[in-house]
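Engineer: First the structure, then my questions, so here it is.
Number of protein chains: 4
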Amino acid sequence: MKLAIFVNITREKALELARELTVWLDARSIDYVFDPQSAKSLGSGKWEEKADLSQHCDAFVSLGGDGTLLLASHYSRSKPVVGINVGDLGFLTEFNPDEMWTAMDHLVSGNYAIHTRSQLEATLESGEMLTSLNDVIIEKGSASRRLPAFTILLDDEMLGSYRADGIIIATSTGSTAYSMSAGGPIIAPKSNVFVITPICPHMLTVRPIVISDDKTVKVSVDSHSGEFPLKMDGIQKKLLLPGEVVTVKKSPYHINLVANEKRNYCEILRKKLLWSHEHPTGE
Amino acid sequence: MKLAIFVNITREKALELARELTVWLDARSIDYVFDPQSAKSLGSGKWEEKADLSQHCDAFVSLGGDGTLLLASHYSRSKPVVGINVGDLGFLTEFNPDEMWTAMDHLVSGNYAIHTRSQLEATLESGEMLTSLNDVIIEKGSASRRLPAFTILLDDEMLGSYRADGIIIATSTGSTAYSMSAGGPIIAPKSNVFVITPICPHMLTVRPIVISDDKTVKVSVDSHSGEFPLKMDGIQKKLLLPGEVVTVKKSPYHINLVANEKRNYCEILRKKLLWSHEHPTGE
Amino acid sequence: MKLAIFVNITREKALELARELTVWLDARSIDYVFDPQSAKSLGSGKWEEKADLSQHCDAFVSLGGDGTLLLASHYSRSKPVVGINVGDLGFLTEFNPDEMWTAMDHLVSGNYAIHTRSQLEATLESGEMLTSLNDVIIEKGSASRRLPAFTILLDDEMLGSYRADGIIIATSTGSTAYSMSAGGPIIAPKSNVFVITPICPHMLTVRPIVISDDKTVKVSVDSHSGEFPLKMDGIQKKLLLPGEVVTVKKSPYHINLVANEKRNYCEILRKKLLWSHEHPTGE
Amino acid sequence: MKLAIFVNITREKALELARELTVWLDARSIDYVFDPQSAKSLGSGKWEEKADLSQHCDAFVSLGGDGTLLLASHYSRSKPVVGINVGDLGFLTEFNPDEMWTAMDHLVSGNYAIHTRSQLEATLESGEMLTSLNDVIIEKGSASRRLPAFTILLDDEMLGSYRADGIIIATSTGSTAYSMSAGGPIIAPKSNVFVITPICPHMLTVRPIVISDDKTVKVSVDSHSGEFPLKMDGIQKKLLLPGEVVTVKKSPYHINLVANEKRNYCEILRKKLLWSHEHPTGE
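The structure is reproduced here in structure tokens:
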């Protein structure tokens, strides 16, 4: 068995857990490699290029927060991913540091359940394909004063065309990330839907729209000029030209998260969104 | 063949269409009955109790708006329903008056497509079951100054408990009705999800949550006293006591709307929500 | 000097503080009375009718939360009000229990600053006038299925008429109460504006509107029948008839809150709204 | 008398009106100049640098939409501005083309009322001062994946610090522009307040906050690196460095709009926001 380990190198706690984990793995003669950046920070010689990890490793371990796991997920393909959070509980990183050893025991013994998460696949006109776990985002860019219009087709039917700061197409996993900041609803896992959430639309009647995940969404930007960032999970991947069509649909590949059986989605939601605290005044 | 006809008796245009329709049906020797209220307004002796209509009729015709069709749907069971709107285009009433004869031709000849719409079923502790096409709503009632808390379980897991003016559980059909006024997302038909939308929650982090339609939602009201209206499609059906649990899930019965093939959901959405008009200033 | 004391009798901590306060006052030969309900709970013979308190007392003390202070404010007129909170920090109750003695020292010695808060005055067609510190609310009532329309005039100009669950007219003080639950903005104290916030409007383009506090707002309910609750600070005062006009403007009377100089509004806002905690995912 | 004329050169109707206006002015021997761009499009030799116009001209005329008037307002200082819209009614451009001649008659005869509009003044650490009629916007820029935090001080008190896509500080005039797209309230003219509206904040409890226009707002961006666009009325003016403080307050200069006495704000609001059309379903 061989593990791929991603570490949030800006968090001392994550680096510390990584060192403890290697001792634990060495003691059990379990092989492992880091992604290059993590290896460098840890002074470890055991690393491989990120793109090679899924081919050579049997499982992935992420030590950090949801962002680190998001990064690991871009390389894990169908391999199981264990997410250990080093700060607050995450939506994706279901294990606290003190649950790490139990999680590792289960991973090594193959005694674990999987939470399958859908991904989005964006295809450019060039044929290039990109994948994301949270969302596909197309933004207005830094262009001119006048906002561009975003045209959206749903299974080749015109859904709408409106000026906005951008458009988010999010999975249920991504519904509690950027889409929520832009006013989108929470989508429970395993709902088999995506949500198209406008960012600051110039039309007051435009609302987030939830669609079945068997739909194909095509987005293009109407503008005379300019370049429009295409972001996958918040990372800029391309600059789109006016009129260039991005085709977004469900990816055939899933992310397989190792589940923490002690925790359920409702509990995580309540904790993350602080549903124990009432805000407006009154007694 | 026998038709059941519901008319919005407050709209002269609807009554006029009803009279024209009876002439058309008589000429073709097609049998029909009205619901009692419509018959009375039209001075027609052809009526049956609403509860008997689905048993004796082969199809339903609604002449009015989405509200009239909503009423008809409470009695239509699995029989096909043709919705003719007499005012603006409706989300449910897909045919304009000038498309009525084509719609009727297709209905009579059996040459039509069906849009199947899911319904919700609410079960009370007494065992009584209620059905709705749009939504199940539980409200704060007129009680005391202090708002009650609504406790929500999702497949018997605690989702949350918070004070609010009420809770809406809506189908995709109902997503553009009351749920939207309360800030809920649009849900495209055939998405196989419901949305739980809070009404004016006292907690700023509570958001609409979209769930798979195979989930069971249990709602109860935490309060020392008071009575809390349970509404199905906006019509008050019961007053709930504190602690009384309402169990909401997908109904085994669907509404079968006769489809207008010239129209698609995206087009209706764009028209109803005026997505051709930009609101904020700027040129 | 004579104090009027209001206690949240459902909170043991508040009753305890009340007992301690009476000992403290007795020791200093400072006179006091309770409102009738508080006196009864405390077994005290020192009480007066609420309506008489402002005439006979020099200052008001509220032991409880914002709700208790809201109640006291309905009787305090221009007399200074000290708000001691017994639970979480309040928007109005600026003193914690351990700051009570300092607050009382300052009150008794006349050594304190005042935060003046505007109130709203609602005048009915009968000439009856009602006052509120937070808000004037007109609701749909329990009437029929079809929502009533609310017609709003601003200085006798038609602002709009739309169907909704209700209308809130809130002061800056009330902006963090019910108006916020309905989607209204926060209004900092001393802004000299009110906000008109619709409750679940049936028109997607209706938004909260902020107006200068020298404006007069007239609201009436368009409906064939029904009774529509008029609430002042959340307490139902009247049932309005269709077409009955409520005239709302700034009250000539202010509430004078004794200020906690150790605390400022920004700090209270940050604490009450938990602006130290980030919700959506990401690291 | 001498007029400064700004034209939306992308609209044929505006160019046409400009030509008609020059004939009308020539016939009355009233002097006029265009801004350089408009003069070029019209093939006119009568132009001056925009920065010189307020010094040499007695009044400004804007032919276009709200955007053209916004541009003119950047150079008009205290001189009266007549806004003729060539498309839909604008929030700022109160005269339709067929009302132009009446408006011009009144302007020339000095027989008109003024609507005074407040402006914002942003001061950079360098001492440079910028002015805007609608809003001051600070954005996240194109930087890194992790959003920067925006720190906001109100009269040197910490209001909050949170990650977001940006911050808008808007006047009442700007409240129906970008701020509204980001969820801000409508602010009626002459309310003497500004609104601070967050753009897609990462904290669900952050809301637009309305403040008195005698407050000073200081905004800075917390980030390790990056450049953050500062936009005045949507036009990028500077790139801010991390930690650089922008001080925003009410400008001592007002914009003086020539009022259309046949029109009032409520009417414009109702028309622009389509408050005659109901969106959600139901009859």
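Chains as they are written, first to last, in the working numbering: chain A, 1205 to 1487; chain B, 1205 to 1487; chain C, 1205 to 1487; chain D, 1205 to 1487.
Each residue gets a CB set at the ideal place from its N, CA and C atoms; glycine is no exception.
1) Which chain C residues are close to residue 1409(A), counting only those with a beta carbon under 7 Å from its beta carbon?
2) Within the same chain, show all residues whose beta-carbon is closer than 8 Å to that of residue 1290(A), passing over the 5 residues directly before and after it, in chain order.
3) Please decide whether residue 1279(B) counts as near chain A, where near means a Cβ-Cβ distance under 8 Å.
4) Can you give the Cα-Cα distance for residue 1256(A) and residue 1237(A), rounded to whole angstroms?
5) Just the C-alpha distance for residue 1320(B) and residue 1332(C), rounded to the nearest angstrom, thanks.
6) Taking only three categories from DSSP, how would you classify residue 1374(C)?
7) Quick one: which chain E residues come within Cβ less than 8 Å of residue 1364(C)?
8) If we ignore side chains and look at the alpha-carbon of each, how far apart do residue 1487(B) and residue 1426(C) end up?
9) Mind checking residue 1411(A): buried by the 16 CB within 10 Å criterion, or exposed?
10) Hey, is residue 1503(B)'s beta-carbon within less than 8 Å of any beta-carbon in chain C?
11) Would you kindly work out how many angstroms separate the C-alpha atoms of residue 1403(A) and residue 1435(A), rounded to a whole number?
12) Going by DSSP, what residue range makes up the beta strand (DSSP E) through residue 1362(A)?
13) Tell me, please, whether the CB atom of residue 1229(D) is closer than 8 Å to any CB atom in chain C?
14) First and last residue of the beta strand (DSSP E) that includes residue 1454(C)?
15) From 1396(A), 1205(A), 1342(A), pick the residue whose C-alpha is nearest to that of residue 1445(A); which is it?
16) Do the region 1458–1471 of chain A and the region 1309–1318 of chain A make contact, defined as three or more Cβ pairs closer than 8 Å?
17) What residues from chain B crowd round residue 1263(A), counting only those whose CB sits closer than 9 Å?
18) Within 10 angstroms of its Cβ, does residue 1326(A) collect 16 or more other Cβ (buried), or is it exposed?
19) Under 8 Å: do the region 1390–1409 of chain C and the region 1367–1381 of chain C share three or more Cβ pairs, one atom per stretch?
20) Can you have a look at residue 1367(A) and say buried or exposed, based on whether 16 or more other CB atoms are within 10 angstroms of its CB?
21) Rounded to the nearest angstrom, what separates residue 1365(A) and residue 1311(B) at their Cα positions?
22) Where residue 1417(C) and residue 1363(D) are concerned, what is the direct C-alpha to C-alpha distance, given to the nearest angstrom?
23) Let me know the beta strand (DSSP E) ranges lying completely inside the region 1228–1261 of chain B, each 3 residues or longer, listed in chain order.
24) Check distances from the C-beta atoms of the region 1341–1361 of chain D to those of chain C and list, in chain order, the residues that come in under 7 Å.
25) Looking at the structure shown, is residue 1343(B) part of a helix, part of a strand, or coil, going by DSSP?
26) With a threshold of 16 other CB atoms inside 10 Å of the CB of residue 1442(B), please say whether the residue is buried or exposed.
27) Taking Cβ positions only, does residue 1486(D) come closer than 8 Å to chain A?
28) Determine the chain A residues that contact residue 1394(B) at a beta-carbon separation under 8 Å, and present them in chain order.
29) Can you find a C-beta in chain C that's less than 8 Å from the C-beta of residue 1384(D)?
30) Residue 1323(A) and residue 1542(A) - do their beta-carbons sit closer together than 8 Å?
31) Give me whichever residues DSSP pairs with residue 1328(A) in a beta bridge.
32) With a 10 Å radius around its C-beta and 16 neighbouring C-beta atoms as the bar for buried, classify residue 1277(A) as buried or exposed.
33) Distance, Cα to Cα, residue 1359(A) vs residue 1476(C)?
34) Would you list the residues sitting across from residue 1266(D) in a DSSP beta bridge?
35) If distances are taken between C-alpha atoms only, which option among 1295(C), 1339(C), 1474(C), 1223(C) comes closest to residue 1371(C)?
36) Based on Cα-Cα distance, which residue from 1251(A), 1261(A), 1392(A) lies nearest to residue 1240(A)?
Structural biologist: In this structure, then:
1) Within the first sequence, numbered from 1, the residue matching residue 1409(A) stands at position 205. Residues of chain C passing the Cβ test: 1408, 1409.
2) Counting from one through the first sequence, the residue named residue 1290(A) turns up at place 86. 1212, 1215, 1217, 1218, 1221, 1267, 1268, 1269, 1301, listed in sequence order.
3) Taking the first residue of the second sequence as 1, we reach residue 1279(B) at position 75. For residue 1279(B), the answer is no, since every Cβ of chain A falls outside 8 Å of its Cβ.
4) Along the first sequence, read from residue 1 onward, the residue named residue 1256(A) stands at position 52. Along the first sequence, read from residue 1 onward, the residue named residue 1237(A) stands at position 33. Roughly 11 Å between the two C-alpha positions.
5) One-based indexing of the second sequence puts residue 1320(B) at position 116. One-based indexing of the third sequence puts residue 1332(C) at position 128. Going from the Cα of residue 1320(B) to the Cα of residue 1332(C) covers about 54 Å.
6) Start at 1 with the first residue of the third sequence, and residue 1374(C) comes out as number 170. The answer is strand: DSSP assigns residue 1374(C) an E or B state.
7) The question asks about chain E, but that chain is absent: this structure's protein chains are A, B, C and D.
8) Looking up residue 1487(B) in the second sequence gives position 283. Looking up residue 1426(C) in the third sequence gives position 222. Confidence at residue 1487(B) is low in this model, with a pLDDT of 42, below 50, so the placement of that residue should be treated as unreliable; the coordinate-derived value is given next. Rounded to whole angstroms, residue 1487(B) to residue 1426(C) spans 36 Å at the Cα level.
9) On the first sequence, position 207 is the one that residue 1411(A) refers to. That one is buried.
10) No answer is possible for residue 1503(B): it lies beyond the span of chain B, which begins at 1205 and ends at 1487.
11) Stepping through the first sequence from its first residue, residue 1403(A) is reached at position 199. Stepping through the first sequence from its first residue, residue 1435(A) is reached at position 231. Taking the straight line joining both Cα atoms gives about 14 Å.
12) Locating residue 1362(A) in the first sequence gives position 158, where the first residue counts as 1. Start and end: 1361–1367.
13) Indexing the fourth sequence from 1 puts residue 1229(D) at position 25. Cβ-Cβ to chain C under 8 Å: no for residue 1229(D).
14) For the purposes of this step, residue 1454(C) is taken as residue 250 along the third sequence, with counting starting at 1. Its beta strand (DSSP E) spans residues 1450–1454.
15) By 1-based counting over the first sequence, the position of residue 1445(A) is 241. Cα-wise, what sits closest to residue 1445(A) is 1342(A).
16) yes
17) Numbered from 1 along the first sequence, position 59 holds the residue referred to as residue 1263(A). The contacting residues do not exist; residue 1263(A) stays about 28 Å from chain B at best.
18) Here residue 1326(A) refers to the residue found at position 122 of the first sequence. Counting Cβ neighbours within 10 Å, residue 1326(A) comes out buried, since at least 16 surround it.
19) yes
20) For the purposes of this step, residue 1367(A) is taken as residue 163 along the first sequence, with counting starting at 1. The residue is buried, with at least 16 neighbouring Cβ atoms inside 10 Å.
21) Along the first sequence, read from residue 1 onward, the residue named residue 1365(A) stands at position 161. Along the second sequence, read from residue 1 onward, the residue named residue 1311(B) stands at position 107. Approximately 35 Å, taken between the alpha carbons.
22) Taking the first residue of the third sequence as position 1, residue 1417(C) is located at position 213. Taking the first residue of the fourth sequence as position 1, residue 1363(D) is located at position 159. Distance between the alpha carbons of residue 1417(C) and residue 1363(D) is about 24 Å.
23) 1235–1238
24) 1358, 1361
25) Here residue 1343(B) refers to the residue found at position 139 of the second sequence. If DSSP states are grouped into helix, strand and coil, residue 1343(B) belongs with the strands.
26) Residue numbering aside, residue 1442(B) sits at position 238 when the second sequence is read from its first letter. Buried.
27) Locating residue 1486(D) in the fourth sequence gives position 282, where the first residue counts as 1. Residue placement at residue 1486(D) is flagged as unreliable, the pLDDT there being 42, under the threshold of 50; a coordinate-derived value is accordingly withheld.
28) Working through the second sequence from its first residue, we reach residue 1394(B) at position 190. The answer, in chain order, is 1416.
29) Against the fourth sequence, residue 1384(D) aligns to sequence position 180. Yes - at least one Cβ of chain C is within 8 Å of the one on residue 1384(D).
30) Nothing about residue 1542(A) can be reported from this structure: the residues present for chain A run from 1205 to 1487 only.
31) In the first sequence, the residue the question calls residue 1328(A) occupies position 124. Residue 1328(A) pairs with nothing; no bridge assigned.
32) Position 73 of the first sequence, counted from the first residue, corresponds to residue 1277(A). Per the 10 Å Cβ criterion, buried.
33) One-based indexing of the first sequence puts residue 1359(A) at position 155. One-based indexing of the third sequence puts residue 1476(C) at position 272. Each residue's Cα considered, the two are about 45 Å apart.
34) Residue numbering aside, residue 1266(D) sits at position 62 when the fourth sequence is read from its first letter. Looking at the DSSP assignment, residue 1266(D) forms a beta bridge with 1210(D), 1287(D).
35) By 1-based counting over the third sequence, the position of residue 1371(C) is 167. Ranking 1295(C), 1339(C), 1474(C), 1223(C) by Cα distance to residue 1371(C) puts 1339(C) first.
36) Position 36 of the first sequence, counted from the start, is the residue given in the question as residue 1240(A). Ranking the options by Cα distance to residue 1240(A), first place goes to 1251(A).
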